[in-house]
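Before any comments, here is the structure.
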Amino acid sequence: MTKKAILSKFSERVSFPDLVRKLVLGWLFAVVLEVLMLPAELRALTSLDGPAAMSLGRVLLIACGVAVVLLGISLFVRTLWAERVGIPVLFAVLAVLSLRASYTTSFLWLCILLALVLVVYAIRGWKGDGDCVPQTEKDSKVYIVITAALGALLFLFICAWTVGRYLTFSTPTYDFGIFAQMFHNMKESGLPITTVERDGALSHFAVHVSPIYYLMLPIYWLFPSPITLQVLQAAVIASAVIPLWKIGRHHGLSADVRTLLCAVLVLFPALSAGASYDLHENCFLAPLVLWLFYGIDKKSIAVTAVSAVLVLCVKEDAAMYVAVIALWLIVKTLLRFKKSELKPLIMGIAMFAVSLVWFFLTTGYLASVGDGVMTYRYDNFMYDGTSSLVTVVKSVILNPMKALFECVDSEKLKFIALTMLPLAGLPLITRRYERLILLIPYLLVNLMSDYQYQHDIMFQYNFGSAAFLFYMTVVNLSDLKLTRSRVIPLVTAVAIGAGCLTWAVIPTAVDYPKRAIEKAEYYDSIRAALDTIPEGTPAAATNTYTAYLSDREVLYDVKRCTWEQILETEYVALGKGSTSSFKNYASEGKNNGFDNLTTLLEAEGYVLFEEVPGVLVIYKKQ
14 MTKKAILSKF SERVSFPDLV RKLVLGWLFA VVLEVLMLPA ELRALTSLDG PAAMSLGRVL
74 LIACGVAVVL LGISLFVRTL WAERVGIPVL FAVLAVLSLR ASYTTSFLWL CILLALVLVV
134 YAIRGWKGDG DCVPQTEKDS KVYIVITAAL GALLFLFICA WTVGRYLTFS TPTYDFGIFA
194 QMFHNMKESG LPITTVERDG ALSHFAVHVS PIYYLMLPIY WLFPSPITLQ VLQAAVIASA
254 VIPLWKIGRH HGLSADVRTL LCAVLVLFPA LSAGASYDLH ENCFLAPLVL WLFYGIDKKS
314 IAVTAVSAVL VLCVKEDAAM YVAVIALWLI VKTLLRFKKS ELKPLIMGIA MFAVSLVWFF
374 LTTGYLASVG DGVMTYRYDN FMYDGTSSLV TVVKSVILNP MKALFECVDS EKLKFIALTM
434 LPLAGLPLIT RRYERLILLI PYLLVNLMSD YQYQHDIMFQ YNFGSAAFLF YMTVVNLSDL
494 KLTRSRVIPL VTAVAIGAGC LTWAVIPTAV DYPKRAIEKA EYYDSIRAAL DTIPEGTPAA
554 ATNTYTAYLS DREVLYDVKR CTWEQILETE YVALGKGSTS SFKNYASEGK NNGFDNLTTL
614 LEAEGYVLFE EVPGVLVIYK KQ
C-alpha cells in the first residue's frame with residue numbers, strides 16, 4: 014500500500030471521535046493493568062496507598078500505546094464495534110476489582126448505572142448530529158409575565174430569609190460580618206479591608222480574589238446597610254431566570270416549556286438554600302455561568318468574553334468553571350469539526366488559556382500574600398503528600414474509581430437526591446456524551462471533596478454547579494422533539510422540586526422572618542442598645558453583633574481576636590448567650606469565660622455603658 018493510499022485510508026477511517034474512543038479504551042486498559050499489579054491490600058479505595066503505588070507515566074504511556082496500536086489496526090480492519098464493546102467490558106472489570114476491595118451499596122448502584130450507560134453507548138453509539146433549531150416565534154406576553162413573577166417570588170423569598178437572619182442577629186462574623194465591614198470600608202476608601210477576618214487590617218482579596226464585589230458597591234454606596242447586601246444577593250440569584258429563558262429560546266424550547274423550566278429553577282432547593290448563610294461572592298456564578306453559555310450558543314464574542322471575565326472575577330477557583338466550559342466547547346467543536354466553523358474552537362482555546370493563566374496568577378498571589386488556596390478540602394486525593402490541585406487530577410487519571418467511590422459516600426447521597434431529583438435526572442439523559450464534561454464542577458466541587466459544607470445545599474457551593482446542571486437540562490430537553498416529551502419531565506421536576514423545597518428548605522427559611530415579626534420588640538431593644546455605640550468608633554463584639562456594628566474601620570470578634578486588640582477598642586459588646594465566644598477566658602475548665610472577661614475589662618478601666626438584661630452588655634473605655 015502506497016503512502017498516499019495509507020494517508021487516504023487514515024483520513025477516511027480516523028476522525029476525532031475515533032481518536033477519543035481509542036484513547037478512552039487505552040486509558041481504561043492501562044488503569045485495569047495498574048490495579049491488577051497492585052497487591053490486594055493496596056486496592057482499597059478508602060486509602061491513598063493505592064494511587065501512591067501506581068505510576069502515572071506508565072498509565073499514560075500504555076494508554077497512548079494502545080491508542081496507537083488501535084489506530085494502526087483500524088487502517089486494515091474496522092475496529093469500531095470492538096472498541097465500543099471494549100469500553101463497558103473494561104469498566105466492568107475495573108468495577109468488580111474496586112467493589113471487591115471497597116464495597117458499599119451506593120457504590121455498587123453507581124457502578125451498575127454507569128455500566129448500563131456504557132452498554133447503551135456500545136449498542137447505539139454517540140449521537141453526533143447537529144443541535145436543534147432556535148425558537149423563532151414571538152413569545153406570548155403571558156408567559157413572559159409569569160416567568161417574571163416567578164423570578165420576583167424567588168427574589169422575595171431569599172430577601173425575607175436573609176434579611177430576617179440579619180434582623181434576628183443570626184448573621185455571624187464568618188462570613189457576613191466580614192462582608193458587611195468590607196463593604197463599609199470599600200465605601201469609605203475603595204479598598205476591601207477588614208479587621209474581623211484575620212484580626213487585623215487585611216484585604217479580603219488576600220483570602221479570596223473576588224473583585225466581582227465592586228459591581229455591588231454603587232448600590233451599597235447609595236444605601237449603606239448590611240440589608241442592602243442581602244437584597245443584592247437575592248437580586249443576583251433571581252436574575253438567573255433571564256439567561257435561562259434566553260438559552261431555552263435559542264435551543265428551540267417553546268415559551269410554555271421555558272416557563273416551566275424557570276419554575277424548576279425557582280423551586281430548585283439548592284439555589285435559594287445557597288443564600289442561607291448570607292452574602293457570598295459565589296451567588297454571581299448562577300447567572301454569570303448561564304450568560305457565558307448563552308454567549309457561546311449565540312457565538313457572540315462580546316457576550317462570551319464579558320461573561321467569562323466576570324466569572325473569573327468571582328473567585329480564584331471560578332477559573333475552573335470557565336476552563337470546563339472551554340474544554341467542552343473545544344471537544345464539542347472537534348467532534349463535529351467543520352473548517353467553516355473555526356470561531357467556537359478559537360473561543361474555546363482562548364477561554365481555556367485565559368482561565369489557566371488567571372488561576373495560576375491568583376493562586377500564586379494568594380500563596381505569596383495570603384493564606385493560599387484551600388486545597389485541604391481535597392486531602393482525600395492528595396496521595397503524594399503535596400497540597401496541589403494537580404494531584405487531584407493525577408489521582409483521577411490513575412484510578413477513576415476512587416473519584417466515583419468518593420462521590421457516593423453515604424453523607425453525600427442526600428445532596429445528590431436534592432440536586433438531581435428536582436431536575437428529574439435530565440442533566441444525565443443524553444447520548445451526546447461530550448456534554449458529560451459539564452458534570453465536572455458538580456463532581457469536583459460538590460461530591461469529590463470531603464469538606465462537609467460543599468455537599469450541603471444550605472451553603473454557597475451550589476451556585477456554579479447548579480448553572481451547569483440547568484444548562485445540561487435545557488440542551489437535553491431540546492433533543493426531545495415532541496412537546497409532550499418535554500413537558501412531562503418538567504412537570505415532574507416542578508412537583509419534586511416543590512416537595513423538596515417544602516421539606517428541606519422552607520421550614521428553616523420562614524423561621525427567621527417569623528421570629529423577626531413575632532419578637533420585634535425584643536430585637537428592637539438589642540438594636541437600641543447597640544445604637545448607643547457611636548458610628549465609626551473602634552469596637553469589639555461577640556459573633557452575632559459584628560454585622561450590625563460593621564460601620565467602622567476597626568472591629569474585632571471577641572472570640573478570635575487577642576486581648577491586646579480588645580484593649581485597642583473603645584466599646585465592647587458582649588452577648589450573654591454566646592458562651593463559645595468566651596472560651597479563651599475560661600479558667601479551670603469552667604464555663605466562667607464571660608465573668609472573667611468582664612472582670613478583666615473592668616480592671617482595665619472599662620465600665621458598664623449599656624445593657625439589655627440577660628441578653629447583652631456593652632462596656633465603654635473610660
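Each number in my numbering corresponds to the 1-based position in the sequence shown with 13 added. Positions of the beta carbon are idealized from the N, C-alpha and C atoms, including for glycine.
Can you grab the Cα-Cα spacing for the pair Pro239 / Ile255, in whole Å?
Position 226 of the sequence shown, counted from the start, is the residue given in the question as residue 239. Position 242 of the sequence shown, counted from the start, is the residue given in the question as residue 255. When rounded, the distance between both Cα atoms is 26 angstroms.
Please classify Gly213 as buried or exposed, where buried requires at least 16 neighbouring CB atoms within 10 angstroms.
If you number the sequence shown from 1, residue 213 lands on position 200. By the 10 Å Cβ count, Gly213 comes out exposed.
Let's test the definition: count the other Cβ atoms within 10 Å of the Cβ of Arg642 and tell me whether it reaches 16, buried, or not, exposed.
Any answer about residue 642 is impossible in this case: the structure gives the chain only from 14 up to 635.
Helix, strand or coil: which one does DSSP assign to Tyr474?
Stepping through the sequence shown from its first residue, residue 474 is reached at position 461. Tyr474 falls in the helix class under three-state DSSP.
Cβ contact check for the stretch 100-108 and the stretch 58-74: 3 or more pairs under 8 angstroms
no
Between the stretch 468-488 and the stretch 227-243, are three or more C-beta pairs nearer than 8 angstroms?
no
Nearest to Ala247 (by Cα), restricted to the options Met364, Leu292, Tyr619:
Within the sequence shown, residue 247 is the residue found at index 234, counting from 1. It is Leu292.
Roughly how many angstroms lie between the CA atoms of Asn393 and Phe418, to the nearest whole one?
If you number the sequence shown from 1, residue 393 lands on position 380. If you number the sequence shown from 1, residue 418 lands on position 405. Roughly 11 angstroms separates the two Cα atoms.
What are the start and end residues of each continuous alpha helix (DSSP H) run of 4 or more residues lying completely inside the stretch 559-632, in chain order?
576-579, 606-616
What number of angstroms, rounded off, separates the C-alpha of Asn198 from the C-alpha of Tyr334?
Working through the sequence shown from its first residue, we reach residue 198 at position 185. Working through the sequence shown from its first residue, we reach residue 334 at position 321. The straight-line gap from Cα to Cα measures roughly 30 angstroms.
Under the three-state DSSP convention, the category Ala506 falls into:
Here the question's residue 506 lines up with position 493 in the sequence shown. In this structure, Ala506 counts as helix in the three-state DSSP scheme.
For Leu180 versus Tyr484, is the C-beta spacing smaller than 8 angstroms?
The count along the sequence shown starts at 1 and reaches residue 180 at position 167. The count along the sequence shown starts at 1 and reaches residue 484 at position 471. It is not a contact, given that the beta carbons lie outside the stated cut-off.
Can you have a look at Glu210 and say buried or exposed, based on whether 16 or more other CB atoms are within 10 angstroms of its CB?
As a position in the sequence shown, residue 210 is number 197, starting the count at 1. Flag for Glu210 reads buried.
Helix or strand or just coil, what does DSSP make of Thr207?
Translated into positions along the sequence shown, residue 207 becomes position 194. Of the three classes helix, strand and coil, the one that applies to Thr207 here is strand, per DSSP.
Nearest by alpha-carbon distance to Ala162: which of Thr557, Phe89, Thr175, Leu273 is it?
Taking the sequence shown and counting its residues from 1, the one referred to as residue 162 is at position 149. Of the listed residues, the one whose Cα sits closest to Ala162 is Leu273.
Do Thr582 and Ala553 have their CB atoms nearer than 8 angstroms?
In the sequence shown, counting from the first residue as 1, residue 582 sits at position 569. In the sequence shown, counting from the first residue as 1, residue 553 sits at position 540. It is a contact, given that the beta carbons lie within the stated cut-off.
Which residues DSSP lists as bridging Leu358, in chain order
The residue you call residue 358 lines up with position 345 of the sequence shown. Its beta-bridge partners do not exist; DSSP assigns none.
Go through its chain and collect everything with a Cβ distance to Lys407's Cβ below 6 angstroms, but skip five positions before and after it.
Locating residue 407 in the sequence shown gives position 394, counting from the first residue. Within the same chain, Lys407 has close Cβ partners Leu69.
Applying the criterion that 16 or more other CB atoms from any shown protein chain within 10 Å of the CB defines a buried residue, is Asp142 buried or exposed?
As a working note, residue 142 is residue 129 in the sequence shown. When all chains shown are included, Asp142 counts as exposed.
Going along the chain, which residues of its own chain have a beta-carbon closer than 6 angstroms to the beta-carbon of Ala2, five neighbours each way excluded?
With the chain covering 14 to 635 only, the question about residue 2 has no answer from this structure.
Where the alpha helix (DSSP H) containing Ala219 begins and where it ends:
The residue given as residue 219 occupies position 206 in the sequence shown. No alpha helix (DSSP H) contains Ala219, which DSSP labels as neither H nor E.
Are there 16 or more other CB atoms within 10 angstroms of the CB of Ser153, so buried, or fewer, so exposed?
Position 140 of the sequence shown, counted from the start, is the residue given in the question as residue 153. Burial call: exposed.
Per DSSP, what kind of secondary structure is Ala57 in: helix, strand or coil?
As a first step, residue 57 must be located in the sequence shown, where it is residue number 44. Three-state result, Ala57: coil.
Give the straight-line distance between the Cα atoms of Trp576 and Leu374, rounded to the nearest whole angstrom.
For the purposes of this step, residue 576 is taken as residue 563 along the sequence shown, with counting starting at 1. For the purposes of this step, residue 374 is taken as residue 361 along the sequence shown, with counting starting at 1. Rounded to whole angstroms, Trp576 to Leu374 spans 37 angstroms at the Cα level.
For the alpha helix (DSSP H) that contains Ala283, what are its first and last residues?
Residue numbering aside, residue 283 sits at position 270 when the sequence shown is read from its first letter. Unbroken alpha helix (DSSP H) run through Ala283: 282-286.
Among the residues of its own chain, which have a CB less than 7 angstroms from the CB of Pro502, if the five just before and after it don't count?
The count along the sequence shown starts at 1 and reaches residue 502 at position 489. Within the same chain, Pro502 has close Cβ partners Ala437, Leu439.
Under the three-state reduction of DSSP, which class applies to Ala552: helix, strand or coil?
Locating residue 552 in the sequence shown gives position 539, counting from the first residue. Three-state DSSP puts Ala552 in a strand.
Helix, strand or coil at Phe634 [DSSP, three-state]
For the purposes of this step, residue 634 is identified with residue 621 of the sequence shown, where counting begins at 1. Before going on, a small fix: residue 634 reads as Lys here, not Phe. Here Lys634 sits in strand by DSSP.
Per-residue burial, Leu282 [other beta carbons within 10 Å of its own, 16 or more giving buried]
In the sequence shown, residue 282 corresponds to position 269, counting from 1. Note that residue 282 corresponds to Pro in the displayed sequence, not to Leu. Buried, by the Cβ-count rule.
Residue burial classification, Ala315 (beta-carbon count within 10 angstroms, cutoff 16)
What you label residue 315 is simply residue 302 of the sequence shown in a count that begins at 1. Classification for Ala315: exposed.
Tell me the residue span of the alpha helix (DSSP H) that contains Arg34.
In the sequence shown, counting from the first residue as 1, residue 34 sits at position 21. Looking at the DSSP string, the run of the alpha helix (DSSP H) that includes Arg34 is 29-50.
Tell me whether Phe182 sits in a helix, a strand or coil according to DSSP, three-state version.
Reading the sequence shown from its first residue, position 169 is the one you call residue 182. Three-state result, Phe182: coil.
Which residues bound the alpha helix (DSSP H) around Ala248?
On the sequence shown, residue 248 is found 235 positions in, with the first residue counted as 1. Note, Ala248: alpha helix (DSSP H), 239-251.
My output table needs one value for Thr399: the three-state DSSP class, helix, strand or coil.
In the sequence shown, residue 399 corresponds to position 386, counting from 1. Three-state result, Thr399: coil.
Please work out which residues of its chain come closer than 7 angstroms, Cβ to Cβ, to Ala299, disregarding the five sequence neighbours upstream and downstream, and give them in chain order.
Walking along the sequence shown from the start, residue 299 turns up at place 286. Excluding sequence neighbours, Ala299 sits near Ile250, Ala253, Leu284, Phe476, Ala479, Ala480.
Using only alpha-carbon positions, find the residue among Pro454, Gly590, Glu623 that is nearest to Tyr584.
Reading the sequence shown from its first residue, position 571 is the one you call residue 584. Selected option, being the one with the closest Cα: Glu623.
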